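Structure first, commentary second.
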Amino acid sequence: MLKPPYTCYDQLYVYNFDRTDLGEINDPDLIGTWIEDETAILFFHKEKKILIEEIRKRSEAIIIYEANLNYQDWEAGLNITTFSIPPLVVAPLWEVAQLQLQEGEIGIHLDPSVIFGSGFHPTTRLCLQVISDMVTSNSTAVQSMVDLGTGTGLLSIGAAKLGVQTIRCYDNNPFACAVADKNVKLNNCEQQILVSEADLRANLPDTNVDLVVANLYKGLLLEFFENPDFWKAKYYIISGFTPSMEGELLAALPMDQLKLLERRKSETWRLWLLAKK
Ligand SMILES: C[S@@+](CC[C@H](N)C(=O)[O-])C[C@H]1O[C@@H](n2cnc3c(N)ncnc32)[C@H](O)[C@@H]1O
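No gaps in the numbering here: position 122 of the sequence shown is 161 in this note's numbering, and each next residue is one more.
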């Protein structure tokens, strides 16, 4: 996450250790730590040879890999900048000072950090667009929402800014939860959004809400589709898959309970909007 004196991301220094118990790391240049598959991936603004050597000695951890890349490369070669999905205008923190909203526009201030959900992936945009379309066309259709795999929290914040009152969002990456929490606070959405760390594979949250948003990956979506407890909401936005995965996912849907309201696409990505019959 961005902490003073940093106001943007430039170079990323990435160190992946083979274990997670590395002790406390208080370094002003630390962006954050991902925990993935029982390993820890540390992101810094600066090269950290001495600190990394200290951590390695005290924890007896092994470095699996290290890398130095620029932020644009981390974000798939894209320059993360302000974009609009009307009426929402999403600005990364380094562009907030220049943000000039027109009448009717709603600003979102985002620290995208190194977490999925900067808004530049086609699936994030598709989801935000459908949330916006649903909520603006019928302001009472969605009053409660669950966001499965929230990343930066952008989809939840967008929904909250459009008026969705009660939102629960989940991620199994503690760093994603910290970033989502920060973004929720930056946008004054604490009253509407609760961020929780959870492994959705092990614990499916209560889906008894108006809208479930799941921008995930095929394996997890298939697990959800087979779980009757997943199908308690009124509407579902499902994304994170490509045309080659569509057949298998479609076959796993309990279509006796569902209507496929819309299929959208962007580049090689697909989204479905489903409703319970
Ligand atoms: C494709 S990203 C979507 C992020 C954001 N919702 C968006 O649309 O931009 C999927 C997110 O799901 C999280 N995730 C993956 N597997 C998960 C699991 N088993 N439990 C909880 N979250 C998970 C990842 O950490 C990641 O942040």
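Backbone N, C-alpha and C fix where the C-beta goes; we use that ideal spot for every residue, glycine too.
This structure is a prediction, so every number in the text was calculated from the model and none was measured.
Remark: the shortest separation between the CB of residue 209 and any heavy atom of ligand 1 falls under 7 Å. Close CB contacts of residue 237 within its chain, under the 8 Å cut and outside five residues either way in sequence, are with 209, 210, 211 and 244 (chain order). For ligand 1, no non-hydrogen atom lies closer than 7 Å to the CB of residue 79. Between the segment 190-202 and the segment 113-132 there are three or more C-beta pairs closer than 8 Å, enough to call the two in contact. In terms of Cα proximity to residue 181, the closest of 78, 110 and 251 is 251. The beta carbons of residue 84 and residue 68 sit about 5 Å from each other, so the pair counts as a contact at 8 Å. In this structure, residue 117 has its beta carbon at no less than 7 Å from each heavy atom of ligand 1.
Note on residue 178: under 16 other CB atoms within 10 angstroms of its CB, so exposed under the neighbour-count rule. Going by DSSP, residue 97 is part of the alpha helix (DSSP H) stretching over 88-98.
Here the distance from the Cβ of residue 259 to the nearest heavy atom of ligand 1 is below 7 Å.
CA-CA distance, residue 55 to residue 42, rounds to 22 Å. Closer than 7 Å to some heavy atom of ligand 1: that describes the Cβ of residue 188.
In this structure, 198 is the residue among 215, 141 and 198 with its C-alpha nearest to the C-alpha of residue 230.
In the three-state scheme derived from DSSP, where H, G and I count as helix and E and B as strand, residue 208 is classed as strand. Within the same chain, and ignoring the five residues on either side of residue 134 in sequence, the residues whose Cβ sits closer than 6 Å to its Cβ are 121. When the Cα atoms are used, residue 125 and residue 235 turn out to be separated by approximately 28 Å.
The DSSP-derived three-state label of residue 157 is coil. Residue 76 sits exposed, since fewer than 16 C-beta atoms from the chains shown fall within 10 Å of its C-beta. Taking the CA atoms as reference points, residue 176 sits about 53 Å from residue 101.
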